[in-house]
Amino acid sequence: MKKVITSEKTAIKLWLDDMDSGALAQVKNLANLPFVFRHVAVMPDAHQGYGMPIGGVMASEEMVIPNAVGVDIGCGMCAVRTSLTTLSTEKLKAVLAEIRRTIPLGFKHHNTAQDRRLMPKSEIPLEELTVIAREYSSALTQLGTLGGGNHFIEIQKGNDGHVWLMVHSGSRNLGFKVANYYNRLAMELNRKWGSKIPPNWQLAFLPINSPAGQIYLHEMRFCVEFAYANRKMMMERVKDAILSVVQPVTFEPMINIAHNYAAMEEHFGKNVIVHRKGATRAQAGEIGIVPGSQGTPSYIVRGKGNKESFESCAHGAGRKMGRKQAQRQLDLAQEKKRLDEQGIIHAIRSVSDLEEAAGAYKDIDEVIDNQLDLVEVLVELRPLAVVKG
Numbered sequence: 013m014k015k016v017i018t019s020e021k022t023a024i025k026l027w028l029d030d031m032d033s034g035a036l037a038q039v040k041n042l043a044n045l046p047f048v049f050r051h052v053a054v055m056p057d058a059h060q061g062y063g064m065p066i067g068g069v070m071a072s073e074e075m076v077i078p079n080a081v082g083v084d085i086g087c088g089m090c091a092v093r094t095s096l097t098t099l100s101t102e103k104l105k106a107v108l109a110e111i112r113r114t115i116p117l118g119f120k121h122h123n124t125a126q127d128r129r130l131m132p133k134s135e136i137p138l139e140e141l142t143v144i145a146r147e148y149s150s151a152l153t154q155l156g157t158l159g160g161g162n163h164f165i166e167i168q169k170g171n172d173g174h175v176w177l178m179v180h181s182g183s184r185n186l187g188f189k190v191a192n193y194y195n196r197l198a199m200e201l202n203r204k205w206g207s208k209i210p211p212n213w214q215l216a217f218l219p220i221n222s223p224a225g226q227i228y229l230h231e232m233r234f235c236v237e238f239a240y241a242n243r244k245m246m247m248e249r250v251k252d253a254i255l256s257v258v259q260p261v262t263f264e265p266m267i268n269i270a271h272n273y274a275a276m277e278e279h280f281g282k283n284v285i286v287h288r289k290g291a292t293r294a295q296a297g298e299i300g301i302v303p304g305s306q307g308t309p310s311y312i313v314r315g316k317g318n319k320e321s322f323e324s325c326a327h328g329a330g331r332k333m334g335r336k337q338a339q340r341q342l343d344l345a346q347e348k349k350r351l352d353e354q355g356i357i358h359a360i361r362s363v364s365d366l367e368e369a370a371g372a373y374k375d376i377d378e379v380i381d382n383q384l385d386l387v388e389v390l391v392e393l394r395p396l397a398v399v400k401g
């Protein structure tokens with residue numbers, strides 16, 4: 013931990029030296045909520061989001077906040093170690109071509125519904141899930157699709173000598189619809205209840221024992237499982253792409269972690285809802301993934317179960333520039349050169365791609381150094397080839 017802020021109603025514990033003023037204001041808003049449990053934890057990759065910063069961790073005994081989960085519910089990472097120790101540039105390009113052929117990228121969906129047996133099982137009758145019941149058919153075409161923004165597929169070389177596969181994606185449009193519906197509902201109910209929390213904080217809440225709170229938790233958990241199913245299907249396609257180019261190859265069990273969700277956990281002797289928005293659970297011995305930006309290392313880590321962070325760690329490098337800012341300020345030739353010099357097959361082609369260039373993100377090694385009390389690094393993974401959403 014780097015420092016503690018005690019000027020607000022609840023303490024703020026930070027694993028970074030400084031952050032943007034917008035994110036700091038949001039953290040202070042969180043710390044002044046009447047139902048925050050114990051303290052607010054801020055991970056080293058934190059930056060401004062909607063209501064709650066990306067990289068924030070907050071717990072409550074009574075309330076759940078849709079904006080403290082995020083709009084891409086269940087977004088996360090998966091990684092697989094292969095038996096390969098090398099892949100030539102020619103073979104890497106062939107693998108990427110097959111990935112692009114079999115996995116819809118950006119806003120594209122499948123043309124036909126995917127196997128519904130791969131969809132999550134609902135905890136309650138599907139028709140009781142307001143949003144998911146309505147969006148279920150559309151979700152069947154989204155299963156196994158990457159999405160846009162910072163979502164990616166990478167082929168990497170580990171310092172353990174093995175080639176690794178990594179996927180970053182979430183719950184696609186399904187999670188977006190659920191998040192927006194329940195944030196709007198929470199805002200409406202908060203107005204009706206005369207909530208003292210200023211609407212411009214964007215932290216409308218639902219009591220977890222209320223009908224609305226219960227249905228939101230059911231729909232949120234469905235989206236977390238849908239995001240996992242989405243990543244799992246894509247990872248199978250990536251493995252197939254590898255096998256179409258080189259054989260024999262064996263694959264170790266997939267590591268999977270989510271970094272946008274809320275879950276009931278025990279902390280400091282109480283059962284609380286822990287909101288992790290752009291933060292990863294890091295219980296003692298738990299294996300996790302902290303990805304870098306395009307062209308920088310990613311890390312396989314093992315959690316240390318640090319109680320002060322609610323057993324959490326960073327979810328990645330974290331942005332230091334907004335998307336439009338990156339497109340305005342970064343140098344296209346320089347960003348391409350940075351990747352070309354490393355021999356990485358990358359996705360930087362035009363100024364619009366600069367929103368996902370390495371220069372738009374914080375230094376991943378600094379992020380890792382700031383959380384060595386939260387996780388232990390097991391494997392460093394350097395990118396060989398990147399597919400961006």
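Each residue of the sequence shown is one higher than the last, beginning at 13 in the numbering used here. Glycine is no exception: its CB is placed at the ideal position from the N, C-alpha and C atoms. The structure presented is a predicted model; accordingly, all values stated were derived computationally and were not measured.
Do the segment 80-99 and the segment 262-274 make contact, defined as three or more Cβ pairs closer than 8 Å?
Short answer: they touch.
With distances taken from CA atoms, which of GLY401, LYS400, VAL389 is nearest ASP172?
Counted from its first residue, the sequence shown places residue 172 at position 160. The candidate whose alpha carbon is nearest that of ASP172 is VAL389.
Pair every Cβ in the segment 52-60 with every Cβ in the segment 26-37, then say whether three or more of these pairs are closer than 8 Å.
They touch, by the three-pair rule.
Can you tell me whether PHE217 is helix, strand or coil according to DSSP?
Residue numbering aside, residue 217 sits at position 205 when the sequence shown is read from its first letter. Under the three-state reduction of DSSP, PHE217 is assigned to coil, being neither helix nor strand.
To which residues of the same chain is LYS103 closer than 7 Å at the C-beta, ignoring the five residues directly before and after it?
By 1-based counting over the sequence shown, the position of residue 103 is 91. For LYS103, the CB contacts under 7 Å within the same chain, skipping 5 residues up- and downstream, are VAL257, VAL258 in chain order.
Apart from the five residues just before and just after GLY82, which ones in its own chain have a Cβ nearer than 6 Å to its Cβ?
Position 70 of the sequence shown, counted from the start, is the residue given in the question as residue 82. Excluding residues within five positions, the ones whose Cβ falls inside 6 Å are ASN272, LYS289.
Is MET276 buried or exposed, if buried means 16 or more other CB atoms sit within 10 Å of its CB?
Translated into positions along the sequence shown, residue 276 becomes position 264. Residue environment for MET276: exposed (fewer than 16 other C-beta atoms within 10 angstroms of its C-beta).
Tell me which residues share the same chain as THR308 and place their Cβ nearer than 6 Å to its Cβ, disregarding the 5 neighbours each side in the sequence.
Looking up residue 308 in the sequence shown gives position 296. Short of 6 Å from the beta carbon of THR308, and not among the five residues preceding or following it, lie these beta carbons of its own chain, in chain order: ALA370, ILE376.
I'd like the list of long-range same chain contacts for ILE144, defined as Cβ closer than 6 Å, with 5 residues on each side in sequence excluded.
As a first step, residue 144 must be located in the sequence shown, where it is residue number 132. Same-chain partners within the cutoff: GLU231, PHE234.
Please look up how many angstroms separate the CB atoms of ALA253 and LEU155, rounded, as I've assumed it's under 8 Å.
As a working note, residue 253 is residue 241 in the sequence shown. As a working note, residue 155 is residue 143 in the sequence shown. Taking the Cβ atoms as the reference, ALA253 lies roughly 18 Å from LEU155, outside the contact range of under 8 Å.
Given 8 Å, three or more beta-carbon pairs between the segment 120-137 and the segment 290-301
Judged by Cβ distances under 8 Å, the segment 120-137 makes no contact with the segment 290-301, as fewer than three pairs qualify.
Own chain, CB closer than 6 Å to ASP29, minus 5 neighbours either side, in chain order
Position 17 of the sequence shown, counting from 1, holds the residue named residue 29. So the qualifying residues of the chain are LYS14.
Look at the alpha carbon of GLU353 and the alpha carbon of GLN306, and state the distance between them as a whole number of angstroms.
Here residue 353 corresponds to residue number 341 of the sequence shown, with the count starting at 1. Here residue 306 corresponds to residue number 294 of the sequence shown, with the count starting at 1. GLU353 and GLN306 have their C-alpha atoms roughly 13 Å apart.
Distance, Cα to Cα, ARG394 vs LEU351?
Here residue 394 is taken as the residue at index 382 of the sequence shown, counted from 1. Here residue 351 is taken as the residue at index 339 of the sequence shown, counted from 1. Roughly 11 Å separates the two Cα atoms.
Please report the straight-line C-alpha distance between GLY182 and ASN162, rounded to a whole angstrom.
Along the sequence shown, read from residue 1 onward, the residue named residue 182 stands at position 170. Along the sequence shown, read from residue 1 onward, the residue named residue 162 stands at position 150. Their Cα atoms are separated by approximately 11 Å.
Identity of the residue in ARG331, GLU367, GLY334 nearest GLU347 by Cα
Working through the sequence shown from its first residue, we reach residue 347 at position 335. Taking GLU347 as reference, the option from ARG331, GLU367, GLY334 with the minimal CA-CA separation is GLU367.
Counting only the same chain and skipping the five closest in sequence on each side, list residues whose C-beta sits under 7 Å from that of VAL236.
As a first step, residue 236 must be located in the sequence shown, where it is residue number 224. Excluding positions up to five away in sequence, the list reads ILE85, GLY86, ALA270, TYR273.
Proximity to PHE238 [Cα-Cα], best of GLY206, GLY304, ASN185:
Here residue 238 refers to the residue found at position 226 of the sequence shown. It is ASN185.
Which of the three DSSP states, helix, strand or coil, is assigned to ASN44?
Counting from one through the sequence shown, the residue named residue 44 turns up at place 32. DSSP, read as helix, strand or coil, puts ASN44 in coil.
If you measure between the beta carbons of ILE165 and VAL175, is that distance less than 9 Å?
Taking the sequence shown and counting its residues from 1, the one referred to as residue 165 is at position 153. Taking the sequence shown and counting its residues from 1, the one referred to as residue 175 is at position 163. Contact check for ILE165 against VAL175 fails: the beta carbons are separated by 9 Å or more.
Could you check if ASN382 is buried or exposed, using at least 16 other CB atoms within 10 Å of its CB as the buried criterion?
As a position in the sequence shown, residue 382 is number 370, starting the count at 1. Here ASN382 is buried. Its C-beta has 16 or more other C-beta atoms within 10 Å.
In the DSSP assignment, find the unbroken beta strand (DSSP E) run with ASN268 in it and report its ends.
Counting from one through the sequence shown, the residue named residue 268 turns up at place 256. 267-270 is the extent of the beta strand (DSSP E) around ASN268.
Quick one: what's got a C-beta closer than 7 Å to ARG128's C-beta in the same chain, skipping five residues either side?
Here residue 128 is taken as the residue at index 116 of the sequence shown, counted from 1. For ARG128, where only same-chain residues beyond five positions count, the Cβ hits under 7 Å are LEU152.
Using the rule of at least 16 other Cβ atoms within 10 Å of the residue's Cβ for burial, across every protein chain shown, is ASP5 buried or exposed?
Any answer about residue 5 is impossible in this case: the structure gives the chain only from 13 up to 401.
How big is the Cα-Cα spacing for LEU197 and LYS204?
In the sequence shown, the residue the question calls residue 197 occupies position 185. In the sequence shown, the residue the question calls residue 204 occupies position 192. Answer to the nearest angstrom: the Cα atoms are 11 Å apart.
Find the nearest neighbour of VAL387 within the set GLY187, HIS327, ASN212, judged by alpha-carbon distance.
Locating residue 387 in the sequence shown gives position 375, counting from the first residue. The option with the nearest alpha carbon to VAL387 is HIS327.
If you draw a straight line from the C-alpha of GLU73 to the C-alpha of MET266, how long is it?
Here residue 73 refers to the residue found at position 61 when the sequence shown is read from its first residue. Here residue 266 refers to the residue found at position 254 when the sequence shown is read from its first residue. Taking C-alpha positions only, GLU73 is separated from MET266 by approximately 33 Å.
Give me the DSSP bridge partner(s) of PRO395.
Counting from one through the sequence shown, the residue named residue 395 turns up at place 383. Note: PRO395 is bridge-paired with GLN168 in the DSSP secondary-structure output.
Between THR157, GLY355, GLY300, which lies nearest to ARG113 when the distance is taken from Cα to Cα?
Position 101 of the sequence shown, counting from 1, holds the residue named residue 113. Of the listed residues, the one whose Cα sits closest to ARG113 is THR157.
How about THR291 and GLY67: are their beta carbons less than 9 Å apart?
Counting from one through the sequence shown, the residue named residue 291 turns up at place 279. Counting from one through the sequence shown, the residue named residue 67 turns up at place 55. Here residue 291 turns out to be Ala, not Thr, going by the sequence shown. The answer is yes: Cβ separation under 9 Å.
Going by Cα to Cα distance, which pick from GLY187, LYS169, GLY160, ILE115 is closest to SER150?
Reading the sequence shown from its first residue, position 138 is the one you call residue 150. Closest by alpha carbon: GLY187.
Leaving out five residues before and five after ILE111 in sequence, what residues of the same chain have Cβ atoms less than 8 Å from its Cβ?
Taking the first residue of the sequence shown as 1, we reach residue 111 at position 99. Correct list, in chain order: ILE165, ARG249, VAL250, ALA253, VAL399.
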